[in-house]
Structures are given as C-alpha cells and as structure tokens.
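A.B. asks: Below is the structure I would like to discuss, written out as structure tokens.
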Amino acid sequence: MDNLTYLSNADSSYIDGMYQAYKQDPQSVDFGWQKFFEGFDFGLTEEKGAISGEAGAAPEHFLKEINVLNMINGYRDRGHLFTETNPVRERRKYFPGKELETFGLSEADMDTVFNAGVEVGLGPAKLRDIRQLIEDTYCRSIGAEFRYIRNPEKIKFLQDKMEVERSTPNFSLDKKKRILKKLNEAVIFENFLGTKFLGQKRFSLEGAESLIPALDSIIEKGSEIGIQEFVLGMAHRGRLNVLANIMGKSYKTIFSEFEGKMLEEDPEIHFGGDVKYHLGFSSDVKTDDGKSVHLSLAPNPSHLETVDAIIEGMVRSKIDMKYEGDSSKIAPIMIHGDAAVAGQGIVYEVIQMSKLDGYKTGGTIHIVINNQVGFTTNFKDARSSTYCTDIAKVTLSPVFHVNGDDVEALVYAINLAVEYRQKYKTDVFIDLLCYRRFGHNEADEPKFTQPLLYKAIEKHANPREIYAQKLLDQGSVDANLAKEMEKEFRSLLQSRLDEAKESQKLNDETPMFSGAWKGLRQAKANDIFKVANTKVDKKKFLELAKQISTLPSDKKFFRKITKVFEDRLKMIENNNYDWAMGELMAYATLLNEGNRVRISGQDVQRGTFSHRHAVVTLEDSEEKYVPLANIEGGDKFNIYNSHLSEYGVLGFEYGYASVNPHSLTIWEAQFGDFANGAQIIFDQYISSAETKWRRSNGLIMLLPHGYEGQGPEHSSARIERYLELCANNNIIVANCTTPANYFHLLRRQLHRDFRKPLVEATPKSLLRHPKAVSTLEDFTEGAFQEVIDDPNVTAKSVKRVILCSGKIYYELLEKQEADKRNDVAIVRIEQLFPVAFDQIAALRKKYAKAEFIWVQEENENMGAWPFYLRKFNGSDLNLTVIAREESGSTATGYMKQHATQQAAIINKAFELKK
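What follows is the structure, given as structure tokens:
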C-alpha cells in the first residue's frame, strides 16, 4: 500500500499509468491501488479518454478522488494536532488546519461518493461518511502519532486497528463496571487521605485518577497475551495510589506510615528509612481469568526519571535469569511526568538503550502523567517541542495522546499499546493529558503562578464523576451504583485506619531476602572483615588460564592480538600473571562455579587501555571470538560495549544487580573521572539504598585512576567523593596494587552471604608494570588483603611508615629500592573503606617508634587524605600528609609540571625529620 499511503501530490499521468497496469494485471499494483481501482468505473467514457490523454485534462472528479486520499492521509499525519484531548485548556492552533479547503474540497462535495472510501474500509462512500470516520479515529479523545515510523507493516497495523474501531472502545458492561470500580478506588483513596491526614504531603493523583484503571487494564491485557510480570518505575505523584490500588500494598500499612510508625529494627543494622512516596513494593495479583501476574515497583528518589534506568536493568536481568531470554514474558512500565520526560537528559540516555543488544528489554510502555505544569512552571516554559513526548520519535515509537477525562479512551489506547509492544518489541508512549488538582504538594498554592489554569480546575469534575454520569446517561448502570461503591470503599478504608492506629509497628510486606535473594542477608558490622574463601584449586586455575589464553588455530587474528595471547600463555609458563590475567581469571573461575558475569561500559570488550581483550575480532571479517564464553560455564558471560552514557548505563547495571545477586555485575568507566556524569546514581542508590530502603546490591564500579600526566580529565576518579559517601559499612572503596588481590576482591563479591557495592580505582600504567604481577600461589592460596605490610624492611629499623594506596606505591618502592632505605616502610591500604582500624592499629604497635604519614599523588583536598584525616583525627597515629598542593583542578595538563610534582612527592616521602 506504500504508493497509495504516501501519495500527496498526485499526477494524473502517473495515476493513468497505474490504472493501465491494473487493467493488464491487477496483481501488478499494490493492494491499496487494487482496492482503489475496483469498482471505479472508467469504462469507455470521456473520463477514460481524458485520463489516457485523449482529452486535454484529467476530469475534476478523478482529481478530487486524489484530494480525498490526501485528506485521509492528512488526518493520519496531522490529526493529532486537532484532537479533543485537553480536559482543562483550549488547544493551541495549528496551520494549516483540517478544513475541507485545505485538501481542495468543499461542502458541495460532502454528499458525493468517492471510491477513496476503500482506503479506510468503507468502500465507495460519501465524503461526509469518510470524513466522519477519520475525524472519529484521529481527532476525538485520542490523538495518534505514528506515521514517522519507517515500517509500513507497523503503520498498517495501527491504522487498521484504529480505523476499523474508529479509536472507540466497545467494552462489555462488566468491563465498564470494573473501570468505574478502579476509578472509585483512585478518587476516594485520595479524598480519604486528604481528610484524615490533613496537611501531610502525599503527592496526590487527583486530576489523573484514570491512571489506575489504565494500569489495571495493562495487567489484564498483558496477562491475556503472555506477560507474566511487570516492573514499574515512577516518581512520587500518585505513587501511594498505585501502591494501594494496583500493587496491593495494604491500606493499613500505608495509614501506619502516615501515623509515623516504623519497621522493627535490628540494632546492629543501620536503617534510616525514607518518605512513604519513595518506597518500593512487589506483589502477585490475580487477573479476571485467574492468572497470576507478578508486579514490582522500584523504590525511587526525588531525582525524577532516575528510576527509568534502574527498572530497565531489572527487567533485563530477569529476562536473562528468569525467562531464558524471552522478553515477551516481562515488560517495564515507566510512569513519567510531563515536565520531567521533556526536561531530564536521562530519559534520552535510557531510550537510546531500547534497541541495543546489551540493554534491550523488548519494549517499554511509557505513560506520561501530563499535568501541563512542572513544579510551578507552565508547559510553554518547560520545553521547546510540540509535545512532551516528542523524544519518542528518536526510536520511532508510536505515541497516543489521550484525554484523561475519557477513561474508556485511555483504556482503549493502553490496550493497543500493550498489544503493539508484544507484537513489535518496541517502546510505545501514552500521553495522558490531565491536570493536578492541587499544587506541587498539598500545602502548595498553585495560583501564585497559574491563576487561570487553577480557576478552570476548581470547577472541573473528577474523572469518576464524569464516567459515572456517562454510564448513567447510557443506561449502563443504576444511579445508586457509584454511591454504593463509594460507601463500601470508604467503610473499608476507615476500618483499616482504625487497625493502623492500634498497631505499634509496621510489617515489612516486601522483605529483601526472598526470591532470587533467598539465602543472603544484610551484613552486620562484625561481618565486614571476615575472610571469605576465594581460593581456587591449582589444577583448575591452570586449566582455565590456558583455555582463555589460547586462540583457535582455524581462525585468523590480527597480529597484535595473537601476540597478546602468546604473552598470556608465557605468563602461565613463567608463573608471572599481570593485571589483565588476574582480572580475567576472576571471571573465569566464577563462571566455572556457575555464576553469571556481566560487564558493560564504554569500550569494555577491549578495555580503554587495550588490556582486557575479552572479545577479539577476526582479521578479515567482523566475526567475534570470546575466550571466556568457551569455557565450562562460559554461556553466562556477557560483556557489552555501551553507548556513550554514564548516568543511564550505571543506573541500568545497578538495576540488573539488584534482582540478580548471583551475577558479578560490573560497570566500567572509560576513565574514572567520567563517573561524575553518573553521580546521581552513586548518591541516591549505590551509597544509600540499604539505609533508605533496606535494599542490598553487589554492583561493582571500575574507575580507572592514576596521575600519569594526562591532564585534569584523565587522572582522578575522585576517590574523595566516594569516601565522602561512606558510613555504616554501606559500600566498599578499594584501590588494589596486585593482580591477585584484585582477583580475590572480585571473587569476594560473590563468596560472601551478603552484598555490598564495590568502587574499585583500577590502574592505567600499572596494567603493564613489571612489578605489578602475581604468582600462581597468590591466586590459589591467598585471600583479599585490606592492608599489605612492607616485606622489605625490619620493624626495629623503621623510622617512618608511609601509608599509601594504589599506583604511587610502585613509585615509592622504586625509590626505596634504589636508595636501599630500610628505615622507611611502605604500607598499602588496599581497602580504603570500610577502614581496617584493627590492622592499622597492629601496624602502629609493630612500628611503635616510627612516625606515620599519608602519601598520595592527589591534591591535598582530594584523594583519601581528607577522609583518613577525619577518621584518625586525635588517634596516636598523628597522621600528616605529603601530597600535591590544594587545587580547584584535579591535575596539571603539562607533562613536565606533572613529573616535577610527582618527583617532589616521592622525594619528600623519604626525607626523615632530623
């Protein structure tokens, strides 16, 4: 149907050519043209002669047929601009409009029969009827944008669905009653909270209550066509309503939270809690046909849209772990605000993942609660695009703009969206045009900034009242049904409130350590330094090492790649393993034990500094070879080069790790400095989720760090920022100096019965440093060492103990060895947090007569020093520091200046007091 569908300025000779071809062989033209020419009687009339050029011009009626086609396609393309979708405002005017004259037609043509009616399924029909159909389809309560999709099959699917039904639902009486019931719950729940907890923030759904029957319908429709699980992400507005009336969180618990009651606390586990409209929840709900659907609502911070990345990672993790790659069984639902979806860059980062192999989830259902106002900001000041949903066009996703007062239209659009997602595995957007009955919160005064809008809203009936009246007018329900529903529901809410007032504590309805987390627990303070058994059998280690270091002989590889793998085999022979081998062996051994390993980030397959080569490309093709995938257990190894995103990808991986604690899940920054683009994830999730939400996570973040004269943006991973976030053993911050210690650190993540996020400052120059190597015994006999003492000195000779971390150790070691200094000990702090106080105290006792100093290559106001100064302030260590001078920038951009500064630090570290 391509030619017919996209025809805009018809040429009569072109049409005549099509017609002549049709007369010779109807199958030679597209189906749409076949239908168009069927029954269109050209015969041996003057019209036929005119078309074939025997007369001077194409007949007027024939050209008007083309105009009618143009009108149909004009409505399909632009009808969404002229809809009745705004419940409280006049729509903006767009030019050209949809008047008949726009398409070269007039009122005089309204009763003329046009064969163009076949294009919309009417057959030959009056223009009046044709226009009525496309007006009903594209310009009522639903406005559809989809014609930019570059797939004719998808376009035809939506056109056929909508035009046959005129975008108008024909629900059964039972369905209508269910919609009314869910609207009743949504409206009365908010009203009840508003009257019983006057003045408390709840970020009411009022004005958008039709969201509740819409979500209810997603679950019903989704279950009907194969979806077994939904993962939801949303901000705070309407969250309590969704928790109660969709997720099934008990009203009693919600009321108890309003009463200020708390969960039972273990005195050994720090728990601070969060406001009730940020909390997550999970449950199993039953559909009308008796199927069970699992629902998860991710906890979220007030950093709007951040949760988008989290839920995509959660869904992908479950696709990989639970559904064996079948994305049709689980779907993410993102509920956005109009100002946030248009204004937050994270939305773009996440949407760009939707078709990428490492991140796709089979399509996301996006619902925008379009309040037409941000905090206080008018939509005209909130975006430059026509619609808040215009980002959907990036991934050619259809958008349905729906009037929130027309709940049946919304449910119809939602059902179509779910069907489209399941069929085509792509995103789809619902723009729910509604309003916010109160201000940003219930104590806010919206008339300060939106006086006209809120005068209109004050007079506007809620969606329940509108729908109840509609059903009453139709004769579908008894006049008392809505009142009876309200009475019964209010009575239920009051009884639950009474119970909440009597109870002393909250019950945890969604315990963390169940499902995939069963058998794990939340760590207590004395667990942190217990040694985990991360040893590996020597025979198995050597077997795996050889397997991952051997390239297949029947494939041709780039010469430098061959050399890399030959060198790895030599390491095994020489018992001298470098950083890359230590890392890869951690992955190999974990995979071999049955765990999953997932790594993502920019250029991670090769590694920014060409050290990893976990995926290698054949020389004469784009075929890939993955050594780790070819060992026993290697089918659970995934490594993906990400798009150029930190915020979105880190959030995704956090979500992935949150639902699969038996996966070693890793995000690697291209340079550690770039992690600051994802600081919101560190602040709001990685460091605080356990304290706020009792949600553990074992995600690993690899942040390349080290001052090598590469300038301000390629030196510092900003270790100080992560240490600043540290408290109550919430995360691990490490800066390892040996391949074996790194190996044990990675393996420790899965060999403890609890999970903690790990921030590891990984090396750059040390990747190939001749002294940064480990032996077989270091891997097979050792364990992770939080602190590594100096093996090169005798304690009684030591006058100064240098505490340091990371790369600078090897520069200090070089100086120590060159000058044969037995009076200065170099101690490596491999785990910066949690702080190994006991081990450091033992060193203080061992080197009782020595002074202790902290040496770092970072500026004095950066690195670990500010944190360690605070931690040891007033202790008998009496720490002082040698570092670069304080600076507003992390590092110099001049190599000579860098070298001078570095040499000064090293020299000063060995200058003993006289």
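Here my numbering is used: the first residue of the sequence shown is 8, the next is one more, and so on.
Each residue gets a CB set at the ideal place from its N, CA and C atoms; glycine is no exception.
Tell me the residue span of the alpha helix (DSSP H) that contains Arg775.
C.D. replies: One-based indexing of the sequence shown puts residue 775 at position 768. That residue, Arg775, is in no alpha helix (DSSP H); it is neither H nor E in DSSP.
A.B. asks: Less than 8 angstroms between C-beta atoms, sequence neighbours within five positions excluded: which residues of the same chain meet that for Arg851?
C.D. replies: By 1-based counting over the sequence shown, the position of residue 851 is 844. Excluding sequence neighbours, Arg851 sits near Phe859, Asp883, Leu884.
A.B. asks: Enumerate in chain order the residues of its own chain whose CB-to-CB distance from Ser556 is below 6 angstroms, with the five nearest sequence positions on each side excluded.
C.D. replies: By 1-based counting over the sequence shown, the position of residue 556 is 549. Closer than 6 angstroms at Cβ, skipping near neighbours: Phe572, Arg575, Leu576.
A.B. asks: I'd like to confirm the pairing. Which residues does DSSP put opposite Lys915 in its beta bridges?
C.D. replies: On the sequence shown, residue 915 is found 908 positions in, with the first residue counted as 1. Bridge partners of Lys915: none, in fact.
A.B. asks: With the cut-off set at 7 angstroms, would you say Asp480 and Pro94 are in Cβ contact?
C.D. replies: For the purposes of this step, residue 480 is taken as the residue at position 473 of the sequence shown. For the purposes of this step, residue 94 is taken as the residue at position 87 of the sequence shown. Their beta carbons are not under 7 angstroms apart, which means Asp480 does not touch Pro94 by this criterion.
A.B. asks: If I measure Cβ to Cβ from Pro453 and keep anything under 6 angstroms in the same chain, skipping five residues before and after, which residues do I get?
C.D. replies: Here residue 453 corresponds to residue number 446 of the sequence shown, with the count starting at 1. Same-chain partners within the cutoff: Gly446, Tyr461.
A.B. asks: Judging by CA-CA distance, which residue of Val656, Ser665, Gly111, Trp700 is the nearest neighbour of Asn683?
C.D. replies: The residue you call residue 683 lines up with position 676 of the sequence shown. The shortest Cα separation from Asn683 among Val656, Ser665, Gly111, Trp700 belongs to Val656.
A.B. asks: By how many angstroms is the C-alpha of Asp505 removed from the C-alpha of Ile261?
C.D. replies: Taking the sequence shown and counting its residues from 1, the one referred to as residue 261 is at position 254. Taking the sequence shown and counting its residues from 1, the one referred to as residue 505 is at position 498. Cα to Cα, the separation comes out at about 12 angstroms.
A.B. asks: DSSP three-state label for Val834, please.
C.D. replies: Here residue 834 refers to the residue found at position 827 of the sequence shown. The answer is strand: DSSP assigns Val834 an E or B state.
A.B. asks: Tell me the DSSP secondary structure of Leu671 in three-state form.
C.D. replies: Counting from one through the sequence shown, the residue named residue 671 turns up at place 664. Looking at Leu671 - three-state DSSP - the assignment turns out to be strand.
A.B. asks: Just list the residues that DSSP pairs Pro711 with in beta bridges.
C.D. replies: In the sequence shown, counting from the first residue as 1, residue 711 sits at position 704. In DSSP, Pro711 forms a bridge with Thr769.
A.B. asks: Buried or exposed for Thr371, please, with buried defined as at least 16 other CB atoms from any protein chain shown within 10 angstroms of its CB.
C.D. replies: As a working note, residue 371 is residue 364 in the sequence shown. It is buried - the Cβ of Thr371 has at least 16 other Cβ atoms within 10 Å.
A.B. asks: Considering just the uninterrupted stretch of the alpha helix (DSSP H) at Gln554, what are its terminal residues?
C.D. replies: Residue mapping note: residue 554 aligns to position 547 of the sequence shown, counting from 1. Counting along the chain, the alpha helix (DSSP H) containing Gln554 begins and ends at 545-555.
A.B. asks: Can the beta-carbon of Asp291 be found closer than 7 angstroms to that of Val375?
C.D. replies: Along the sequence shown, one-based indexing puts residue 291 at 284. Along the sequence shown, one-based indexing puts residue 375 at 368. For Asp291 and Val375, no; Cβs fall outside 7 angstroms.
A.B. asks: Measuring CB to CB, does Val834 end up less than 7 angstroms from Val808?
C.D. replies: Along the sequence shown, one-based indexing puts residue 834 at 827. Along the sequence shown, one-based indexing puts residue 808 at 801. Going by C-beta atoms, Val834 is nearer than 7 angstroms to Val808.
A.B. asks: Could you compute how far the alpha carbon of Ala57 sits from the alpha carbon of His68?
C.D. replies: Along the sequence shown, one-based indexing puts residue 57 at 50. Along the sequence shown, one-based indexing puts residue 68 at 61. Below a pLDDT of 50, predicted positions are generally treated as unreliable, and Ala57, at 39, falls in that range; the measurement from the model is reported next regardless. The alpha-carbon atoms of Ala57 and His68 are separated by roughly 12 angstroms.
A.B. asks: Hey, does Leu884 have any beta-carbon neighbour from chain D nearer than 7 angstroms?
C.D. replies: Of the chains in the structure shown, none is chain D; there is only one protein chain.
A.B. asks: Between Leu134, Ile342, Leu551, Lys182, which lies nearest to Asp116 when the distance is taken from Cα to Cα?
C.D. replies: For the purposes of this step, residue 116 is identified with residue 109 of the sequence shown, where counting begins at 1. Measuring from the Cα of Asp116, the nearest candidate turns out to be Leu134.
A.B. asks: Return the chain-ordered list of same chain residues with a C-beta closer than 6 angstroms to the C-beta of Ile340, the five sequence neighbours on each side being excluded.
C.D. replies: Counted from its first residue, the sequence shown places residue 340 at position 333. Excluding positions up to five away in sequence, the list reads Phe237, Leu239, Ile372.
A.B. asks: Note down, one range per segment and in chain order, each alpha helix (DSSP H) of at least 4 residues found wholly within the region 257-334.
C.D. replies: Counting whole runs of 4 or more residues, the region 257-334 contains the alpha helix (DSSP H) stretches 258-265, 313-328.
A.B. asks: With a Cβ-Cβ cutoff of 7 angstroms, do Glu793 and Glu731 count as a contact?
C.D. replies: Here residue 793 corresponds to residue number 786 of the sequence shown, with the count starting at 1. Here residue 731 corresponds to residue number 724 of the sequence shown, with the count starting at 1. For Glu793 and Glu731, no; Cβs fall outside 7 angstroms.
A.B. asks: If Glu408 sits next to Gly716, beta carbons under 8 angstroms apart, how far is it from one beta carbon to the other, in whole angstroms?
C.D. replies: Counting from one through the sequence shown, the residue named residue 408 turns up at place 401. Counting from one through the sequence shown, the residue named residue 716 turns up at place 709. The displayed chain sequence assigns His, not Glu, to residue 408. No, His408 and Gly716 are not in contact; Cβ-Cβ is about 55 angstroms, not under 8 angstroms.
A.B. asks: State whether the region 576-588 contacts the region 741-749, with contact taken as three or more CB pairs (one from each stretch) at a distance under 8 angstroms.
C.D. replies: The region 576-588 vs the region 741-749: in contact.
A.B. asks: Give the range of the beta strand (DSSP E) segment to which Thr887 is assigned.
C.D. replies: Your numbering for residue 887 matches position 880 in the sequence shown. Thr887 -> beta strand (DSSP E) spans 887-891.
A.B. asks: Do Phe917 and Lys803 count as a contact pair if the criterion is CB distance below 7 angstroms?
C.D. replies: Numbered from 1 along the sequence shown, position 796 holds the residue referred to as residue 803. Numbered from 1 along the sequence shown, position 910 holds the residue referred to as residue 917. Not closer than 7 angstroms, so no.
A.B. asks: So Arg891 and Glu864 are supposed to be a Cβ contact under 8 angstroms. How far apart are they, rounded?
C.D. replies: Translated into positions along the sequence shown, residue 891 becomes position 884. Translated into positions along the sequence shown, residue 864 becomes position 857. Indeed they touch by this definition, with Cβ atoms about 7 angstroms apart.
A.B. asks: Among Tyr366, Asn736, Tyr82, Leu187, whose alpha-carbon lies nearest the alpha-carbon of Phe496?
C.D. replies: If you number the sequence shown from 1, residue 496 lands on position 489. Checked all of Tyr366, Asn736, Tyr82, Leu187; the closest Cα to Phe496 is Leu187.
A.B. asks: Would you report the Cα separation of Pro798 and Gln677, rounded to the nearest angstrom?
C.D. replies: Residue mapping note: residue 798 aligns to position 791 of the sequence shown, counting from 1. Residue mapping note: residue 677 aligns to position 670 of the sequence shown, counting from 1. About 34 angstroms.
A.B. asks: Give a yes or no on whether the C-beta atoms belonging to Leu671 and Leu765 are separated by under 7 angstroms.
C.D. replies: Sequence index remark: in the sequence shown, residue 671 carries index 664 (1-based). Sequence index remark: in the sequence shown, residue 765 carries index 758 (1-based). Not in contact: Leu671 and Leu765 (Cβ atoms no closer than 7 angstroms).
A.B. asks: Go through the region 403-489 residue by residue and report every complete run of the alpha helix (DSSP H) that reaches 4 residues or more, in order.
C.D. replies: Taking only runs of at least 4 residues, the alpha helix (DSSP H) segments lying wholly in the region 403-489 are 414-431, 458-465, 470-481.
A.B. asks: In whole angstroms, what separates the C-alpha of Ala664 from that of Asn704?
C.D. replies: In the sequence shown, counting from the first residue as 1, residue 664 sits at position 657. In the sequence shown, counting from the first residue as 1, residue 704 sits at position 697. Straight-line Cα distance between these residues: approximately 6 angstroms.
A.B. asks: Among residues of its own chain, excluding the 5 on either side of Pro103, which ones have a beta-carbon nearer than 7 angstroms to its beta-carbon?
C.D. replies: For the purposes of this step, residue 103 is taken as residue 96 along the sequence shown, with counting starting at 1. Only Thr109 meet the Cβ criterion.
A.B. asks: Return the chain-ordered list of same chain residues with a C-beta closer than 6 angstroms to the C-beta of Phe383, the five sequence neighbours on each side being excluded.
C.D. replies: Working through the sequence shown from its first residue, we reach residue 383 at position 376. For clarity, residue 383 is Thr in the given sequence; the question names Phe instead. Excluding sequence neighbours, Thr383 sits near Thr456.
A.B. asks: Three or more beta-carbon pairs under 8 angstroms between the region 240-253 and the region 190-199, yes or no?
C.D. replies: As far as the Cβ criterion goes, the region 240-253 touches the region 190-199, which means the pair count is three or higher.
A.B. asks: In angstroms, rounded to a whole number, what distance separates the CA positions of Ser224 and Asn667?
C.D. replies: Counting from one through the sequence shown, the residue named residue 224 turns up at place 217. Counting from one through the sequence shown, the residue named residue 667 turns up at place 660. For Ser224 and Asn667, the distance between alpha carbons rounds to 29 angstroms.
A.B. asks: Would you say Asn599 and Thr92 are within 7 angstroms of each other, going by their C-beta atoms?
C.D. replies: Within the sequence shown, the letter at position 592 stands for residue 599. Within the sequence shown, the letter at position 85 stands for residue 92. Going by C-beta atoms, Asn599 is not nearer than 7 angstroms to Thr92.
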